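Before any comments, here is the structure.
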Amino acid sequence: MNLDTVIFFAAAVVAVFGATMMIAQKNPIASALYLILSLVAQAILYVQLGGLFLGSILIVVYAGAIMVLFLFVIMLLNLRSSDDLGPPPPALGRFTKYAFGILLSVELIVIVKAARMPSKATGVLGFPVEDFGSVKAVSTQMFTTYVYPLELTGILMLIAVVGAVVIAKKENNAQVSDDSGSDRPAKKQVS
Amino acid sequence: MSEYLFLIPLLPLIGFLINGLLLGRLPRPVITIIACGSVALSLILSVMLFVELKSLPVDSRVIEQTLLPWISSGDFSVNIGFLLDPLSAVMILVVTGVGFLIHVYSVGYMAHDPGYGRFFAYLNLFTFAMLTLVLADNYLLMFVGWEGVGLCSYLLIGFWYHKKSASDAGKKAFIVNRIGDFGFLIGLFIIFWNVGSLEFDVVMKQAPLVFAAGGALITTACLMLFLGATGKSAQIPLYVWLPDAMEGPTPVSALIHAATMVTAGVYMIARSSSLFVLAPDALMVIAIIGACTALFAATIGLAQNDIKRVLAYSTVSQLGYMFLACGVAAFSAGIFHLMTHAFFKALLFLGAGSVIHAMSDEQDMRNMGGLKKHLPITFMTMFVATLAISGIPGFSGFFSKDEILWKAFSSDHGHVIFWVIGVATAGLTAFYMFRLIYLTFYGNERMSDEAKHHLHESPKSMTVPLMVLAVLSLVGGLVGMPHIFGVTNYFEEWLGPVMAGAHEPVSHALASGGGDASMEWLLMGLSVALVAVCIFLAYYFYRKNLKATTSLAEKLSGLRTLLVNKYYVDEVYGALVVRPTVYFSVFLWKIIDVIVIDGCINGMARLGGDISDTLRHSQSGRLRNYATIFAAGVVVLVAYFVFG
Amino acid sequence: MVPVSAYLILAVVLFGIGAIGVLTSRNMIVLFMCIELMLNAANLAMVAFSRALNVVDGHVIVFLVLTVAAAEAAVGLAMIITIFRNRETINIDRYSILKW
Amino acid sequence: MESLILSLLIFFPLLGAILVALVPSNQHSTIKGVSLIVSIITMILSFAVYSWFDEVATGMQFEVNYSWVTSLGINYHLGIDGISLLLLVLTTILTVLCIISSWNSVTKGVKGYFVSMLLLSTGMLGVFCALDLFLFYVFWEVMLVPMYFLIGVWGGPRRVYAAIKFVLFTMFGSLLMLVALLYIYFQYQAFSGEYTFDLLKIMGMPIANQAQLWLFGAFALAFAIKVPLWPLHTWLPDAHVQAPTAGSVILAGVLLKMGTYGFIRICLPLFPDATITYMPWICVLAIIAIIYGALVSMVQKDIKSLVAFSSVSHMGFVMLGLFALNMQGMQGAVLQMINHGVSTGALFLIVGMIYERRHTRMIADFGGIAKVMPVFSAFFMIVTLSSIGLPFTNGFVGEFLILLGAFKANYIYGVVAASGVILAACYMLWMYQRVIFGRVTHEENKKLTDLTGREKLVLIPLVILIFWIGIYPKPFLRRIEPAVKVVLSQVSRASTVQLNEKFELEPVPVYGETGEVLEKTLTDNTGANR
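Chains as they are written, first to last, in my numbering: chain A, 1 to 191; chain B, 1001 to 1644; chain C, 2001 to 2100; chain D, 3001 to 3530.
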């Protein structure tokens, strides 16, 4: 039982716990916070796997930026708990849903167990490779081999930002609301 | 001269085209000149060609002219070509001659009709079709004329189309004729696929070689052709259209439904005599049908009150006579009767037309009477015709009828029963014809005062044709006097070269010598005696003692009702053929088409729709359901691809 | 010495939890977060493979996935806001107008 | 020029359609004028084809063969023989007449209407020229679209039902045809190593008996729906009744012919054994169609559906002639295809003319028309007579040859089918009597005006054709004859030939440039029943 194993199991348990609590919570804010917890644990695992840069990014961008955005939206919409969701759906339906999720996981685990893994994979921290996963190493790859995907992603990002603004923008003039589908129920503006 | 043969049918066609295309735009005199002129020219040409034909040696009396190829397909080929031989020569003379007279008559008869131009156009078209029929050198072109005259008959019967009865009658005529045409076509098919040609000369030459005499094939072919003839010539079972056809203008009845078109069946059988002699069974059927029709129609004629209907049934009866002649292989006798019948029956119809004209379109004989002094010329001429049709010795009808009776008795195909039926028919004919004369021209004047006021003799254009026809009825029979009179039967001799087996019965009769001759005298005497008795009976019942008629009619009221209603044949046909067909058609349409077939198809469509309707509920619109199904799919696919 | 398969199993477990969340959650925002979780589970597997194979390409891909996830979050949240404005609920079962 | 003329003929209407589409929608007279001129030029082109056509030569003429989709072996292969030639001319003439006839009757969507007409024309002409099965299929489907709109947009009250029924019926058949087509495609590849849809090449391929039966069935279903053969006919009355006049004319005049044309061009030559096997069945169905169509049309109350059912009857004659499998029957059938186009087309035009005046097609609403419209009645009479096959009109020549051929094939066919001639007289004359004769019973009918010059102009060419074919059919029959001989020689390849006359395989299928291939394969594979 070396440090590696301890760190892994600790982080794994936290990650799974965070994820489970996230879906178990009725309050979306709590869900979001548990997700952040899970993400932080995952970031630790990234670092353990040599991805120092990625781990940092995950915490900064995901746990930091994106989840804040979520929280912001939850609060903007003033969602406290899920009691406005009405009665829960029938148990049978819920059961099937769990069953499929678990079945899927079991299948994937069986695959992982059955697969022949690369031999190097036995030790993670035991084989410190110089410079692996550093900012330099990742960015070298990113700006040479993967420059086009990167640029495309950038464009995607830009479009997403513009799109988000357009979508979320309040419809002020009646003309727009007329055009955007007459078969929708009457719109109630939330100010 | 012979190269102008094609002009004979073409001239009336030109007349039709001019009058038809310039429908009603021409002044009446011009129409008259075109219509009558074209037929007159045809008549002149016919006479000239007849003379030319006569000048040829007996064995080569044939003039042929091929105009253009018509249909050819593989080994089938038919030309539009004309053939003038003694038989068609007689026919064109009858057609153009009687036709011309009737054209002239029509000028007066139709003078006040608004459809004057149309009438003459149709009449010319009819003349064209009839001439095509008789001049055709092959069966198919004959069929053209055959259908053509049917069409004109349809158009002319329904000439006063605003009368429903008229257009009904026209339609009935056409459809009944079509049934006959169906038989004609089948006959043609059998002939063509066995002989390989439809040309008359080829067929007549080849027929004895390819068909086994008396075989089923030739018998079927002949019976099919005869079915065609029964349609056109109004024989049992297809005679029903002819009495109704009297809805047409009277000149039409005279031309089409007495003198020419209805005799086309007789002409066709005479033309195909070489085929028919190969099928004795078919001949017997023809003789039986002819005899039955003759008697049957004559009995109906006894009880009719419409002057034209009496004549119509008389026509059916006389046509039965001609078929009887054909059925006993006495084709030339049939044609001879055809010719004389054309004269006197046309005359009778025209006379009846003159009466109707004078009576302001009254046709019921019960409302006539005593017209003798008002219509002297009409009376005289009609009386001549009545004597002719009754078979009074010396008149044309006597010679032709007598020849048929003798042949029915003496021919190899004949039988004494045929003779008995023939004589009985002759007696009935004499009775109802004199009944007509007495009811119409003698006795009290039973018409209304107004009608009486309008009584007048017809104009010259109508009486002159009557007189010409009367002369022909009187002397027309002289060309075919029986051998026992010690003179040559010119008519039979003339037709000899074209008639199959024509010589046979003659030689038979001659060979048997005096015994047969005395027999012939005896039979002739018997029939004349019967006719005389019948005329007397008619005189007794309808002139002398009208009370006896009514009492007799009361005694025989059942029979009388049966006769007045024409044995209910129309009703039976309606119940057995027409109505079931219509009901069956409605069944096919409403049940089979709409419910069964369309039901299946719409049902399939509805099934598809219903299935989709059920399935679309799986599209609940709930994202999580879709996701669940998606997950299930992934589970199953992974299971299949990885563990399967 | 932690075998790479352990990381992978962890990734699978996280992915499965995310999937169950997506299937069961009626709150649209939670559902959205579950999707993020699934993405991150995949990312974890990617990083583990990258380490095992000793190539850094996996990291690049994870980076790109993060970027796309960010974009997706932005647009998705914007849509949620718009939809909420119209219907005043984030119960995903209520958004079933796109049916039949 | 001669090699281009077919392409020009096919695509000129398309060009015209584009041109019409460019005209602003409200300039009705310009649209009509351009359409008319385009259709007239197309007609003149078809006359040119007719006059350049070598009437005695065997095989395809004006052949062009370009590669279209090379990787799939799809060629742009056009060519015509006598059968196609007559149908081409018929199509162009009817198109012109239809455009003239719809001059005033179309008031809404004028542009779309005339564009549809011209597109339809392209599709039809293409079908009759295509010698590549794929090209054939493309044109076959292309012409469906404008027809769908013609019925569905400019039709009567139940037009949508009729249009959908029409399209579904046709699609149902043509999809099976597509499957069969692909099967043949792969079979031919297995046979010769070459991927091709070329009809003439495929004709040289022997197909196993069992496969022939299925393939014939698939193609025959597609074609039989188009013909339409009983009991697949129920789309026809609906489509005819609902379609606008011009639509009915084209539908009856040309579209139905595509079914029989398909039989003669594809089914008979490609599947001779199956042809022989199926012949009695199809003949029986054809005879049922003849009688059934006639009987049902007798009791119709709507003139248009009466004519529609009479089409079923007449097309039954055509099918009977085709499957008599002899010279007379087949020649008669091809001629009857033309005849039916002319006379039924004319009948629909006539019904359309009176419909324009009275806005009803119910027989009971008429009567006594002869009094008020004598010229109309005369035309109607001529066309009616042609439809019932009176001698010296076109109908007679076709029907007679068909019956002659059918009688030879089996006398029972001939006899039973000939009874259809009687029924034809019944229903046509009864209808004519009720419409034209009698007294004028409806007040509206008293004010009817007789035909205008434009309407006479539409009918006169058809009447001329009626008499021309009736009296002097030789030019037509002569052009059909070589083509029919080729088809018959193809059919007589069948291993179980039961034809009354065996058509010898002289080097008959000399199909232009592909002739050599064909002959080679024929001699190589005689009797090779795989």
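Where is the CB? At the ideal position from N, CA and C, for every residue including glycine.
Since we're looking at a predicted model, the values are computed, not measured.
State the beta-bridge partners of residue i as determined by DSSP.
{"i": "B/Gln1235", "result": "B/Gln1235 is not bridged to any residue."}
{"i": "D/His3077", "result": "D/Asn3065"}
{"i": "C/Asn2091", "result": "C/Asn2027"}
{"i": "B/Glu1403", "result": "DSSP lists no partner for B/Glu1403."}
{"i": "D/Ala3130", "result": "D/Leu3078"}
{"i": "D/Asp3302", "result": "D/Met3362"}
Decide if residue i is buried, meaning its Cβ has at least 16 other Cβ atoms within 10 Å, or exposed.
{"i": "D/Thr3441", "result": "exposed"}
{"i": "B/Arg1366", "result": "exposed"}
{"i": "B/Ser1060", "result": "exposed"}
{"i": "A/Leu152", "result": "exposed"}
{"i": "D/Trp3230", "result": "buried"}
{"i": "D/Thr3107", "result": "exposed"}
{"i": "A/Asp131", "result": "exposed"}
{"i": "D/Asn3104", "result": "exposed"}
{"i": "A/Gln141", "result": "buried"}
Which of the three DSSP states is assigned to residue i in this structure?
{"i": "D/Met3362", "result": "strand"}
{"i": "D/Gln3189", "result": "helix"}
{"i": "C/Asp2057", "result": "helix"}
{"i": "B/Tyr1161", "result": "coil"}
{"i": "B/Asn1138", "result": "strand"}
{"i": "B/Asp1412", "result": "coil"}
{"i": "B/Ala1221", "result": "helix"}
{"i": "A/Asp131", "result": "coil"}
{"i": "D/Asp3054", "result": "coil"}
{"i": "A/Asp4", "result": "helix"}
{"i": "D/Asp3198", "result": "strand"}
{"i": "B/Glu1199", "result": "strand"}
{"i": "B/Asp990", "result": "A query on residue 990 of chain B cannot be resolved here, the shown segment of chain B reaching from 1001 to 1644 and no further."}
{"i": "B/Asp1113", "result": "coil"}
{"i": "B/Ala1213", "result": "coil"}
{"i": "D/Ile3207", "result": "coil"}
{"i": "C/Ile2017", "result": "helix"}
On the premise that residue j lies in contact with residue i, defined as a C-beta separation below 8 Å, what is that separation, rounded to the nearest angstrom?
{"i": "B/Ala1229", "j": "B/Gly1265", "result": "3 Å"}
{"i": "B/Val1058", "j": "B/Pro1497", "result": "6 Å"}
{"i": "D/Pro3391", "j": "B/Phe1276", "result": "That belief does not hold up - the Cβ atoms of D/Pro3391 and B/Phe1276 are roughly 24 Å apart, past 8 Å."}
{"i": "B/Gly1187", "j": "B/Ala1221", "result": "5 Å"}
{"i": "D/Val3456", "j": "D/Val3372", "result": "Here residue 3456 of chain D turns out to be Lys, not Val, going by the sequence shown. Contact doesn't hold; Cβ gap of about 16 Å is too wide."}
{"i": "B/Leu1563", "j": "B/Ala1342", "result": "Going by Cβ atoms, the distance from B/Leu1563 to B/Ala1342 rounds to 27 Å, so no, they are not a contact pair."}
{"i": "B/Lys1345", "j": "B/Ala1258", "result": "4 Å"}
{"i": "B/Leu1093", "j": "B/Phe1050", "result": "6 Å"}
Can residue i be considered in contact with the ligand FAD, in the sense that its beta carbon sits closer than 6 Å to one or more heavy atoms?
{"i": "D/Met3327", "result": "Looking at this structure, you won't find the ligand FAD or any other ligand, since it has none at all."}
Those runs of the beta strand (DSSP E) which lie wholly inside the segment 1040-1103 of chain B and span at least 3 residues: Counting only runs that start and end inside the segment 1040-1103 of chain B, the beta strand (DSSP E) elements of at least 3 residues fall at 1063-1073 and 1076-1084.
Which runs of the alpha helix (DSSP H) at least 4 residues long sit entirely within the segment 3075-3115 of chain D? Give them in chain order. If we require 4 residues or more, the alpha helix (DSSP H) runs fully inside the segment 3075-3115 of chain D come out as 3082-3101.
Which residue spans inside the segment 1315-1401 of chain B form an unbroken alpha helix (DSSP H) run of at least 4? Listed in chain order, the complete alpha helix (DSSP H) runs (minimum 4 residues) inside the segment 1315-1401 of chain B are 1331-1358 and 1376-1390.
Which whole runs of the alpha helix (DSSP H) in the segment 3366-3450 of chain D are 4 residues long or more, in chain order? DSSP runs (the alpha helix (DSSP H)) wholly in the segment 3366-3450 of chain D: 3369-3372, 3374-3387, 3394-3409, 3411-3436 and 3443-3446.
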